[in-house]
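The working numbering puts the first residue of the sequence shown at 695, with every later residue one more than the last.
Backbone N, C-alpha and C fix where the C-beta goes; we use that ideal spot for every residue, glycine too.
Bear in mind that the values here come from a model prediction, so they are computed numbers and not experimental data.
Below is one structure, written out as structure tokens, with a few remarks after it.
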Amino acid sequence: MSMENDDLGVIINLNSNYSNFHFNFLTVPVFLSVFPFIYIIPTCCVIFRIIHVYIEKGIRKNDETVNKSVFLVIILSQVTCLGFFLSDYIIIRLPSTGIMTKWCYQQSPNRFLSLIFTSHIYFSYPLMIYPILLTVVRFTPIHYPHKHRELNTKILCYSIPIIHLYSFPFIFFMFPALGVCRQFMKPYPFGSAFIHFYGSWHGIMNMPFQILNTCFWLVLYLGSNFCLHRELRNLKLTSQCHLHANQSAKYRRAEFSLTVTTVSMILAYVVNIVFQVTFLVDYRLGTYFSLLRPYGNDLETCVVPWIFYLTHPAFRSKQGSITSSSGQQRTTIT
């Protein structure tokens, strides 16, 4: 399918049909664009709190309740989630309100819009990989309890740059592309736009790369988490006699939060796969689904930091005494 094809949506740039368009605040797309901030703003506060605790307790005080590798991966993952949310908001939610339509009409196709769309693609790939890295850094304390800090430091030193360079082979086709604003099809009203592009290298589309990567990393994530849960169950059985009652309760809460977090991440993967497949099969069907897709992405952005913040003992003002065995156990499960 060629990117110049109007089946993807009529190009608004320099299109005289939009010369007299006027923005209206009282529309469903406007409500849908404002609604996410109800939960995104509190989530940002939680992420900043996680960063603060990581710096204060993990780096400065070297608190045993703070597994610095786990905290760092979660922080980087959530910062990437916020980057993806912002780029997604700029290319879909904000222009769908019609507030950018008049401006888009006045602009010729340009690199600036293409760069915005490319940033959306860029952030999507690290989001697929960080859950795997989180599983890896949680594996090392189980198998290497006496040197897991050194191993995780080396793992993160190499893996984090690789994760953020991983996107570039999948965005090479965007270099010659020009960004445009396209009209959303029904049920969106006239003037509801989204940022897209045309003129990519050999007309290559992003969706096939996204689908293959999403499926690959989802399978890897499910397999690695299955192995991790099995290891944690065995560890719990072997160390149960060394735990006090309240520590066992903390372990169960953390284990439950891990399960809920895993489910929420799976939903984010599945939502993306369904949207990508429907977009390839029938763009009109994908347009309908695009009303709900961003909320699937928001699920991971919000649920993961909230569960981590509400269940992890490092965020509690009063800490009980920690034995060496329970300290190692808690480090493992977080």
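Point to revise | Sequence-distant residues of its chain with Cβ nearer than 6 Å to SER771 (five each side left out) | key: TYR824
Review point. DSSP state of PHE903, grouped into three classes?
Key: helix
Practice item. Taking 9 Å as the cut-off, decide whether the C-beta atoms of PHE806 and THR774 are in contact. Key: no
Check your understanding: Out of GLY792, SER781, VAL975 and ASN804, which has the shortest C-alpha to C-alpha gap to ILE815?
Key -> SER781
Point to revise | Which of helix, strand or coil DSSP assigns to TYR892 | key: strand
Review point. Just reading off the beta strand (DSSP E) that GLN877 is part of, what are its end residues?
Key: 872–877
Review point. Can you list, in chain order, the residues of its chain whose CB lies under 6 Å from that of ILE793, leaving out five sequence neighbours each side?
Key: PHE717
Review point. If we ignore side chains and look at the alpha-carbon of each, how far apart do PHE765 and ILE741 end up?
Key: Their Cα atoms are separated by approximately 11 Å.
Review point. Whose C-alpha, out of TRP797, ARG787 and ASN761, is nearest the C-alpha of LEU708?
Key: TRP797
Review point. In three-state DSSP terms, what is ASN846?
Key: helix
Review point. With a CB to CB cut of under 7 Å and the five nearest residues on each side skipped, what residues in its chain are close to SER853?
Key: LEU827
Point to revise | Which listed residue (TRP1000, PRO999 and ILE889) has its alpha carbon closest to that of PRO789 | key: It is ILE889 whose Cα lies nearest to the Cα of PRO789.
Review point. Skipping 5 residues on each side, what residues in its chain have a beta carbon closer than 6 Å to that of PRO803?
Key: For PRO803, where only same-chain residues beyond five positions count, the Cβ hits under 6 Å are ASN707, LEU872 and VAL874.
Exercise for review: Reducing DSSP to helix, strand and coil, say where ASN991 ends up.
Suggested key: ASN991: helix per DSSP, three-state reduction.
Review point. Which residue's Cα is closest to the Cα of PHE920: ARG832, LYS762, GLN801 and HIS746?
Key: ARG832
Check your understanding: Looking only at its own chain, which residues have a Cβ that is under 8 Å from the Cβ of TYR860, when we skip the five neighbours before and after it?
Key -> TYR819, PRO820 and ILE823
Exercise for review: Closer than 6 Å by C-beta to GLU925: which residues in its own chain qualify, once you throw out the five before and the five after it? Chain order, please.
Suggested key: ILE836
Check your understanding: What's the gap between the Cα of ARG876 and the Cα of PRO863?
Key -> 26 Å
Check your understanding: Ordered along the chain, which non-local residues of its own chain (more than five positions away) have a Cβ less than 8 Å from that of ILE768?
Key -> ILE744, LEU828, VAL998, PRO999 and PHE1002
Review point. Mind checking whether TYR892 and ILE705 have CB atoms under 9 Å apart?
Key: yes
Check your understanding: Would you say MET879 and GLY703 are within 9 Å of each other, going by their C-beta atoms?
Key -> yes
Check your understanding: Which residues share a DSSP beta bridge with ASN1035?
Key -> The chain is shown from 695 up to 1028; residue 1035 falls before or after that span and cannot be answered.
**Study point:** Cα-Cα separation, PHE729 to ARG987
**Key:** 14 Å
Check your understanding: Can you tell me whether DSSP reads ILE856 as helix, strand or coil?
Key -> Note: ILE856 maps to helix in three-state DSSP.
Review point. Can you list, in chain order, the residues of its chain whose CB lies under 8 Å from that of SER710, leaving out five sequence neighbours each side?
Key: none
Exercise for review: Would you identify the three-state DSSP class for ILE705, choosing helix, strand or coil?
Suggested key: strand
Check your understanding: Where does THR908 land, buried or exposed, given buried means 16+ other C-beta within 10 angstroms?
Key -> buried
Point to revise | Proximity to PHE866 [Cα-Cα], best of GLU844, PHE731 and HIS896 | key: Closest in alpha carbon position to PHE866, among GLU844, PHE731 and HIS896, is HIS896.
Check your understanding: In its own chain, which residues sit with a C-beta less than 8 Å from the C-beta of ASP757, not counting the 5 before and 5 after it?
Key -> So the qualifying residues of the chain are LYS751 and ALA1008.
Exercise for review: Would you kindly work out how many angstroms separate the C-alpha atoms of SER808 and MET868, rounded to a whole number?
Suggested key: C-alpha separation (whole angstroms): 8 Å.
Check your understanding: Just to confirm, does PRO789 get its C-beta within under 8 Å of one of the non-hydrogen atoms of the ligand ATP?
Key -> This structure lacks the ligand ATP, and indeed carries no ligand of any kind.
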